[in-house]
Amino acid sequence: WNNKQRVDHLRQMMLIKKDGNGKSVAQSQLEKACVDDGVGVLNTFELKKTGDTAVILQSRADATTLKNKLADQLPQHTVEQVSAKTPTITVVGLTRSYEKKELTDMIRKQNSGIKSLFESDVSDEDKKFDVVAVVPLKSKPSHYKAIIRVSNVIRSVLSKQSDRVYVGSQPVCK
Numbered sequence: 004w005n006n007k008q009r010v011d012h013l014r015q016m017m018l019i020k021k022d023g024n025g026k027s028v029a030q031s032q033l034e035k036a037c038v039d040d041g042v043g044v045l046n047t048f049e050l051k052k053t054g055d056t057a058v059i060l061q062s063r064a065d066a067t068t069l070k071n072k073l074a075d076q077l078p079q080h081t082v083e084q085v086s087a088k089t090p091t092i093t094v095v096g097l098t099r100s101y102e103k104k105e106l107t108d109m110i111r112k113q114n115s116g117i118k119s120l121f122e123s124d125v126s127d128e129d130k131k132f133d134v135v136a137v138v139p140l141k142s143k144p145s146h147y148k149a150i151i152r153v154s155n156v157i158r159s160v161l162s163k164q165s166d167r168v169y170v171g172s173q174p175v176c177k
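With the working numbering as the guide, the letters of the sequence shown map in order to residues 4 to 177.
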């Protein structure tokens with residue numbers, strides 16, 4: 004999850020779907036749209052299963068520009084920006100079952116990297132923190148694990164903390 008370049012490529016990928024007649028976007032039309040707006044294209048390829056066209060761009064701004072341009076010029080093709088996948092972490096070793104909001108608040112307050120991230124001026128995408136579930140461990144039913152979906156930035160913060168999360172007054176969770 005620390006491979007920032009790979010994550011950035013996912014963030015900047017666009018998908019141009021086939022039109023109602025099953026035709027892919029013409030390469031000449033795509034090239035003209037990219038050149039007219041000065042959009043930097045890293046790669047263009049066709050997806051094997053669907054036949055849709057995928058474009059990897061240099062920046063998010065380029066992706067937004069091209070999406071708007073294609074929506075105007077080629078309304079028959081649906082254009083989607085593919086967002087980065089968000090990692091799921093598992094916090095094991097909780098001594099009781101916490102409510103989702105309670106656990107979220109505790110982790111945000113007690114982990115300095117996460118706390119400073121939420122206090123800073125970063126995008127909501129980089130602040131993603133969603134407790135999916137808190138369930139008992141199969142091997143030790145008196146202990147629990149939390150399944151949490153987080154942004155890539157928060158995952159990197161936890162990685163720098165040796166993959167440790169501080170929760171309440173209990174021992175460090177991993």
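All C-beta atoms in this analysis are idealised placements derived from N, C-alpha and C, irrespective of residue type, glycine included. Keep in mind that this is a model prediction, so the values were computed, not measured.
Alpha carbon to alpha carbon, how far is His12 from Thr98?
-> In this prediction, His12 has a pLDDT of 49, which is less than 50 and means its spatial position is unreliable; nothing more can be read from the coordinates.
Between Ser142, Arg152, Gln113, Met17, which lies nearest to Glu128 when the distance is taken from Cα to Cα?
-> Arg152
Does the Cβ-Cβ distance between Val85 and Leu73 come in under 8 Å?
-> Not a contact, by the Cβ cut-off of 8 Å.
Do Asp166 and Gln79 have their C-beta atoms within less than 8 Å of each other?
-> No, the pair does not count as a contact, with Cβ atoms beyond the cut-off.
Report the three-state DSSP secondary structure of Asn6 (helix, strand or coil).
-> Bear in mind that a pLDDT of 48 at Asn6, under 50, signals an unreliable position, so the number given afterwards is only what the model happens to contain. Residue state, collapsed to three classes: coil.
Measure the alpha-carbon distance for Lys35 versus Thr47 and round it to whole angstroms.
-> About 14 Å.
Gln15 versus Cys37 - alpha carbon distance | Roughly 14 Å between the two C-alpha positions.
Bounding residues of the beta strand (DSSP E) (the contiguous stretch that carries Lys51) = That residue, Lys51, is in no beta strand (DSSP E); it is neither H nor E in DSSP.
Please classify Asp133: is it buried, with 16 or more other beta-carbons within 10 angstroms of its beta-carbon, or exposed?
-> exposed
Go through its chain and collect everything with a Cβ distance to Val160's Cβ below 8 Å, but skip five positions before and after it.
-> Asn114, Gly116, Ile117, Leu120
Could you check which residue in Ile19, Thr107, Pro90 has the C-alpha nearest to that of Asn71?
-> Ile19
Going straight from the alpha carbon of Ala66 to that of Met17, what length do you get?
-> 7 Å
Let me know the secondary structure DSSP gives Thr180 once reduced to three states.
-> This structure does not reach residue 180, given that the chain is present from 4 up to 177, and the question cannot be answered.
Which two residues bound the contiguous beta strand (DSSP E) that contains Ser93?
-> Per the sequence shown, residue 93 should be read as Thr rather than Ser. It spans 91-97 - the beta strand (DSSP E) in which Thr93 sits, taken as one unbroken run.
Buried/exposed call for Asn24, threshold 16 Cβ in 10 Å | exposed
Start and end residues, beta strand (DSSP E) containing Leu140 = No beta strand (DSSP E) contains Leu140, which DSSP labels as neither H nor E.
Own chain partners of Thr91 with C-beta closer than 8 Å, once the 5 adjacent residues on each side are dropped | Val135, Ile150, Ile151, Arg152, Val153
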